[in-house]
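Its first residue numbered 346, the sequence shown is counted upward by one per residue in this note's numbering.
A virtual CB, placed ideally from N, CA and C, is assigned to each residue, including glycine.
Predicted model, so just to flag it, every value in this text is computed and none were measured.
In what follows, a single structure is set out as structure tokens and then discussed.
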Amino acid sequence: MPQAGDQAPAFQLADQDGNPVSLAQFAGRSVVLYFYPKDDTPGCTVEACGFRDEHSALEAAGAVVLGVSADSTASHRKFATKFNLPFPLLADVDHTLSEAYGVWGEKSLYGRKFLGITRATFLIGPDGVLKQVWPKVKVNGHVAEVLAALKGEAPAADGAVKKSAAKKAPAGKKVAAAKKAPAGKTVSGKSAATRKAAKKAAPAAKAPRAAKKSSAGKKPAAGKKAATAKKPAAAKKSSAGKKPGAGRKTAPVKKSSAAKKASRK
């Protein structure tokens, strides 16, 4: 595949209407020569419509657009008519032009290998020298890249991509910092080591309190039981104290009987 700075290979092929188209006839103008695999396929249709939509801007930048595939002139005509393509489609049926630009070779699709055209674009300067080459084209955004290159804005476009990437990077760092912060610090700013030390000290401080509570809880219980035990004893003693009173009642009886005996005598 020729590279930027090389002389563009000359060519002459028929377009969709059978008219001969050569590189020489565009001397003094830039030429956007893009190769695509096949007419009316999804990716090739998107790419062709992209060049169609920006055709006026490309012409204003001084460029001619030429599409190339291995399809016949009849296939090209149908494709161009269906999508209103305003530029020539060259029929490289014997893939001579594709081989000259290094885009013809073995391809693979769903495990099947075959020969075909690799999607690529060549920007040829007014002097017939290749200005820029896109060897493996990604359809989305490709036309904008070509237009930027024609206007000499390709470096600016690359810089814009880098700036956007640079803007995204700080956002990623902030997220990482936010994730790391909870692991190393608490809300108050204490370290993990300080928290661990506090946790180890906490059980030791709590243990005496638990012991005090348990001992305090047991003593009142013992005291209460003792008090309840003494009350019945006091009650019994009081009742026992009342029994002698009954003896005192019998004493007068005895005295009265003695008095009776005395009186009898």
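Secondary-structure assignment with DSSP links residue 379 through a beta bridge to 412, 466. Annotation for residue 382: 389, 414, 461, 462, 464 place their beta carbon closer than 7 Å to its own, counting only its chain and skipping 5 residues before and after.
Non-local C-beta neighbours of residue 471 in its own chain, meaning closer than 8 Å and more than five positions away in sequence, comprise 372, 373, 374, 375, 407, ordered along the chain. As a beta-bridge residue in DSSP terms, residue 436 pairs with 414.
Beta-carbon to beta-carbon, residue 416 and residue 436 are separated by about 6 Å, close enough to satisfy the 8 Å threshold. By the CB criterion at 9 Å, residue 488 and residue 398 fall inside the cutoff. Of all alpha-carbon atoms in 370, 466, 486, the one lying nearest the alpha-carbon of residue 378 is that of 466.
With the rule of 3 Cβ pairs closer than 8 Å, the region 448–455 does not count as touching the region 348–355. Look at residue 488 here: in three-state DSSP terms it is helix.
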